[in-house]
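A.B. asks: Residue numbers (the numbering used here): 1187 to 1835. Think of the CB as a built atom: it goes at the ideal place given N, C-alpha and C, for glycine as much as any other residue. There's a structure below that I have some questions on.
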Amino acid sequence: GLLMALDVPQERGLGHLDQRYLDGLEVCRFPLLPFLQPLPLDWMYLLYTVMFLGALGIMLGCCYRLSCVAFLCPYWYLLLLDKTSWNNHSYLYGLLGFQLALLGADRYGSLDGLVRPQKRNAHGPLWNYALLRAQVFIVYFIAGLKKLDADWVGGFSMGTLARHWLFAPFRLVLSEELTSRLVVHGGGLVLDLSAGFLLFFDATRPLALVFVTYFHCMNSQLFSIGMFSYTMLATNGLFCRPEWPRGLLARCPQWLQGWLPSTKPPQPSPDCHYGGRGSQGGLRPRQHLAAAFTILYVLEQLFLPYSHFITQGYNNWTNGLYGYSWDMMVHSRFHQHVKITYRDGLTGEVGYLKPGAFTQSRRWRDHADMLKQYSSCLSRLLPHYNISQPQIYFDVWVSINERFQQRLVDPRVDLVRAPWSPWTPTPWLLPLLVDLSPPGRQRLQELEAQLDRHTDAVFIADFPGLHLENFVSEDLGNTSLRVLRGEVLVELVEQQRNHSLQEGEGMQLPAGQYHKVHTVSPEPSCYMYLYVNTTALQLERDLTRLRELRERLRNGTEQSPLPPELRPLLGEPPPAGVPLDPVVSLFLRREQRRERESSLAQRLRRFLRRKFFLFRRSALMTLIALRNLALGRPAPERLAQEVAFASWR
């Protein structure tokens, strides 16, 4: 329970509201139910305090049922309040909290047992264990079934993960591509499918505990998933024999056992059924109800990940809202371009909004239901800025699992007035061009392999009748466009010239100018941009020269005097009046990062440091909020200083 509560500050993002709260800015939110709205920030921190105390009570077994309610109600309120923060693990915490509220998890080593003898060191019903084990089994097994997706099996979901330092031992014997396919994707698939079965049986449990522990420890370093890895490590004990904590405590010194939970055999419990051996031979209605609930709950959890045919409005390129289907890491996205256009309904004036205006989330870019909520919110806020009856258009370009960049929604549709229902497919959602995927992604990899490290490529797919408006920066030299499939018309805006290109043809694009690429073929077009980032290339050359210069300074082979702006290479501050060269500053930061990554102890210290400041900030902001509720809010200047102190790192 405490592990789940500690995850809430970063999962629910309460801290991100502070500055907007102080500045009085308007914020677009994405609740699952329209009537759900956040409380004032001070009250939100009070709610979090109640939830934390509830989780602490669950862990200690103190006022157990009340503690479960104190944790469960605020948690589900916060979860349903913001869809953008949904994850599979945050959903799992809510399910575990619901289960704990029904179970007798305060029978051993609990504070309640000190005041209620009938609970002290008493048996727990077997259905309690069955429910928790089934939940964890479903998390593993359904995640494995979801990984049977062609993208995961083909090695496209986590294409770059094999470059992480954790996979360096595997890269000693395997290439990076084989490490990705066999270890990252193949290993993840096999472990998820088999972990639940291996943990369940006594003969295979020791082996399963080794692999599962290694798996979750790796995940804690690979992904920013809060306390999920540690929570899953804690669930390993559910699959062991129920008496394992008693046997572990029996090995402690005799003088210490007096302060620990009892190691004596447990007493019978009225909640349990002992067949003909106990005084109660028959099953009571409550026990029938518990058995029926366990069966129905497990069936519901098996059905829900595949219930997307009911809530079709939440389906996008992937099924449903991300967070309750156990499709962990199956889909990776890369956004190349997001444009928000507004049109004044009275004057026809057209303007553009910065993506993410009035919100700090980015999850809305991938979900049609959130785009609808975002457009509705913008239509309410823009009239405050003299924009009447606003029409909102989104142009979202995204690549999923290393496919072409393509549009998610139709940019010609005003989403303020566009229909959307949770029960029917979204009509303005553009389909994923899966027919281009199998040969297309292999072709993309072949083309990228032919490029030198200074040349980059962007692969685009677009629908007939649509066009891409693009600007070639002057930093990008030798930019060209080449058609891979279909037919396009390239419009050079400033030159007022058009060029028609068919499959296999290409052209150079002028730098510093806008152009439009129209798809004129009856089928979708595919094309790619090739460009050299001359500014980045020159920067790499400068950094290489600085690295060579510092090596010569260290070994004493550099004879020429060092200019003042380069003195920081020796660890000295620049002379007074001499500003720090930005290239030198970037070089020093990169070198420090490289040195940090080479030390495991420094990585551990950095990890602990981040956690310390996260919990420090959460505690201080909670104290500030409770003080405000009890004594009133101080002057805005002082409150801003207190928030700045709480956020200090």
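#1: Which residues does DSSP pair with residue 1662 in a beta bridge?
#2: Taking Cβ positions, are residue 1317 and residue 1289 nearer each other than 8 Å?
#3: With DSSP as the reference, please indicate the residues paired to residue 1420 in a beta bridge.
#4: If you draw a straight line from the alpha carbon of residue 1543 to that of residue 1394, how long is it in whole angstroms?
#5: The alpha helix (DSSP H) spanning residue 1405 covers which residue range?
#6: Taking the DSSP output, what are the residues bridged to residue 1459?
#7: Taking 6 Å as the limit between beta carbons, can you name the residues of its chain near residue 1736, skipping five residues before and five after?
#8: Below 8 Å, how does it come out for the region 1578 to 1585 and the region 1543 to 1557: are there three or more Cβ pairs, yes or no?
#9: By the DSSP assignment, the alpha helix (DSSP H) with residue 1250 in it spans what residues?
#10: With distances taken Cα to Cα, identify the nearest neighbour of residue 1667 among 1327, 1652, 1797 and 1689.
#11: Could you tell me the alpha carbon to alpha carbon distance between residue 1705 and residue 1676, rounded to whole angstroms?
#12: Who are the near neighbours of residue 1528 in its chain, counting only those whose CB is closer than 8 Å to its CB and skipping five residues on each side?
#13: State whether the region 1477 to 1486 contacts the region 1294 to 1309, with contact taken as three or more CB pairs (one from each stretch) at a distance under 8 Å.
#14: Specify the secondary structure class of residue 1600 as computed by DSSP and reduced to three states.
#15: How is residue 1837 classed by DSSP in three states: helix, strand or coil?
#16: Nearest to residue 1789 by alpha carbon, out of 1351, 1477 and 1496?
#17: Verify the CB distance criterion: does residue 1799 have a CB-CB separation below 8 Å to chain C?
#18: Please confirm whether residue 1602 and residue 1562 have their CB atoms less than 8 Å apart.
#19: Would you list the one or two residues that DSSP bridges to residue 1615?
#20: Can you tell me which of 1419, 1645 and 1223 puts its alpha carbon nearest to the alpha carbon of residue 1712?
#21: Could you tell me which residues DSSP puts in a beta bridge with residue 1537?
#22: According to DSSP, residue 1667 sits in a beta bridge with which residue or residues?
#23: Check residue 1333 in the structure and name its three-state DSSP category.
#24: Helix, strand or coil: how does DSSP classify residue 1643 here?
#25: Just how far apart, CA to CA, sit residue 1533 and residue 1700?
#26: Going by DSSP, what residues sit across from residue 1702 in a beta bridge?
#27: Which residues bound the alpha helix (DSSP H) around residue 1562?
#28: With a threshold of 8 Å, are at least 3 pairs of Cβ atoms found where one atom belongs to the region 1244 to 1259 and the other to the region 1280 to 1300?
#29: Tell me which residues share the same chain as residue 1428 and place their Cβ nearer than 8 Å to its Cβ, disregarding the 5 neighbours each side in the sequence.
#30: What do you reckon, are the CB atoms on residue 1239 and residue 1260 nearer than 8 Å?
#31: Can you check the region 1338 to 1374 for any alpha helix (DSSP H) of at least 4 residues that lies completely inside it and give the ranges in chain order?
#32: On the criterion of 16 or more Cβ atoms from any shown chain inside 10 Å, does residue 1775 qualify as buried, or is it exposed?
#33: For residue 1335, which option in 1758, 1620 and 1822 has the closest C-alpha, if you only look at C-alpha atoms?
#34: So which of 1670, 1698 and 1663 has the shortest CA-CA distance to residue 1678?
#35: Let me confirm a value: residue 1365 is counted as buried when at least 16 other C-beta atoms fall within 10 Å, else exposed. Which label applies?
#36: Can you name, in chain order, every residue of its own chain whose Cβ lies under 7 Å from the Cβ of residue 1313, other than the five neighbours on each side?
C.D. replies: To lay it out plainly:
#1: The sequence position of residue 1662 within the sequence shown is 476, counting from 1. The partner list for residue 1662 (beta bridge, DSSP) reads 1719.
#2: If you number the sequence shown from 1, residue 1317 lands on position 131. If you number the sequence shown from 1, residue 1289 lands on position 103. Contact: yes.
#3: For the purposes of this step, residue 1420 is taken as residue 234 along the sequence shown, with counting starting at 1. DSSP lists no partner for residue 1420.
#4: Along the sequence shown, one-based indexing puts residue 1543 at 357. Along the sequence shown, one-based indexing puts residue 1394 at 208. Rounded to the nearest angstrom, the two C-alpha atoms are 47 Å apart.
#5: Residue mapping note: residue 1405 aligns to position 219 of the sequence shown, counting from 1. Element bounds for residue 1405: 1391 to 1408.
#6: Along the sequence shown, read from residue 1 onward, the residue named residue 1459 stands at position 273. Paired residue(s): none; residue 1459 is not in a bridge.
#7: Position 550 of the sequence shown holds residue 1736. Result list for residue 1736: 1755, in chain order.
#8: yes
#9: For the purposes of this step, residue 1250 is identified with residue 64 of the sequence shown, where counting begins at 1. Residue 1250 -> alpha helix (DSSP H) spans 1250 to 1267.
#10: For this step, residue 1667 is matched to residue 481 along the sequence shown. For the residues 1327, 1652, 1797 and 1689, the minimum Cα distance to residue 1667 belongs to 1689.
#11: Numbered from 1 along the sequence shown, position 519 holds the residue referred to as residue 1705. Numbered from 1 along the sequence shown, position 490 holds the residue referred to as residue 1676. One C-alpha to the other measures close to 9 Å.
#12: As a first step, residue 1528 is located in the sequence shown; it is residue number 342 there, counting from the start. So the list reads 1536, 1537, 1538, 1539, 1564, 1568, 1573, 1576, 1577, 1578 and 1579, once near-sequence residues are dropped.
#13: no
#14: Within the sequence shown, numbered from 1, the residue matching residue 1600 stands at position 414. Residue 1600 falls in the coil class under three-state DSSP.
#15: Because the chain here runs from 1187 to 1835, residue 1837 falls outside it and cannot be looked at.
#16: On the sequence shown, position 603 is the one that residue 1789 refers to. Measuring from the Cα of residue 1789, the nearest candidate turns out to be 1351.
#17: Annotation note: the requested chain C is absent from the structure, which comprises a single protein chain.
#18: On the sequence shown, residue 1602 is found 416 positions in, with the first residue counted as 1. On the sequence shown, residue 1562 is found 376 positions in, with the first residue counted as 1. Yes, they are a contact pair.
#19: Position 429 of the sequence shown, counted from the first residue, corresponds to residue 1615. Paired residue(s): 1595.
#20: Translated into positions along the sequence shown, residue 1712 becomes position 526. Among 1419, 1645 and 1223, the Cα nearest to that of residue 1712 is on 1645.
#21: Reading the sequence shown from its first residue, position 351 is the one you call residue 1537. The partner list for residue 1537 (beta bridge, DSSP) reads 1528.
#22: One-based indexing of the sequence shown puts residue 1667 at position 481. Per DSSP, 1693 and 1715.
#23: In the sequence shown, the residue the question calls residue 1333 occupies position 147. Correct three-state label for residue 1333: coil.
#24: The sequence position of residue 1643 within the sequence shown is 457, counting from 1. If DSSP states are grouped into helix, strand and coil, residue 1643 belongs with the strands.
#25: Numbered from 1 along the sequence shown, position 347 holds the residue referred to as residue 1533. Numbered from 1 along the sequence shown, position 514 holds the residue referred to as residue 1700. For residue 1533 and residue 1700, the distance between alpha carbons rounds to 26 Å.
#26: Taking the sequence shown and counting its residues from 1, the one referred to as residue 1702 is at position 516. Its beta-bridge partners are 1655 and 1677.
#27: Taking the sequence shown and counting its residues from 1, the one referred to as residue 1562 is at position 376. Counting along the chain, the alpha helix (DSSP H) containing residue 1562 begins and ends at 1554 to 1567.
#28: yes
#29: Walking along the sequence shown from the start, residue 1428 turns up at place 242. These residues qualify, in order along the chain: 1310 and 1315.
#30: Counting from 1 along the sequence shown, the entry for residue 1239 is found at position 53. Counting from 1 along the sequence shown, the entry for residue 1260 is found at position 74. Cβ distance not < 8 Å, so residue 1239 and residue 1260 don't count as in contact.
#31: 1354 to 1357
#32: Counting from one through the sequence shown, the residue named residue 1775 turns up at place 589. Exposed.
#33: Counting from one through the sequence shown, the residue named residue 1335 turns up at place 149. It is 1620 whose Cα lies nearest to the Cα of residue 1335.
#34: Position 492 of the sequence shown holds residue 1678. Closest by alpha carbon: 1698.
#35: On the sequence shown, residue 1365 is found 179 positions in, with the first residue counted as 1. Counting Cβ neighbours within 10 Å, residue 1365 comes out buried, since at least 16 surround it.
#36: For this step, residue 1313 is matched to residue 127 along the sequence shown. If we look at residue 1313 and ignore the five residues flanking it on each side, its Cβ neighbours are 1476, 1477 and 1480.
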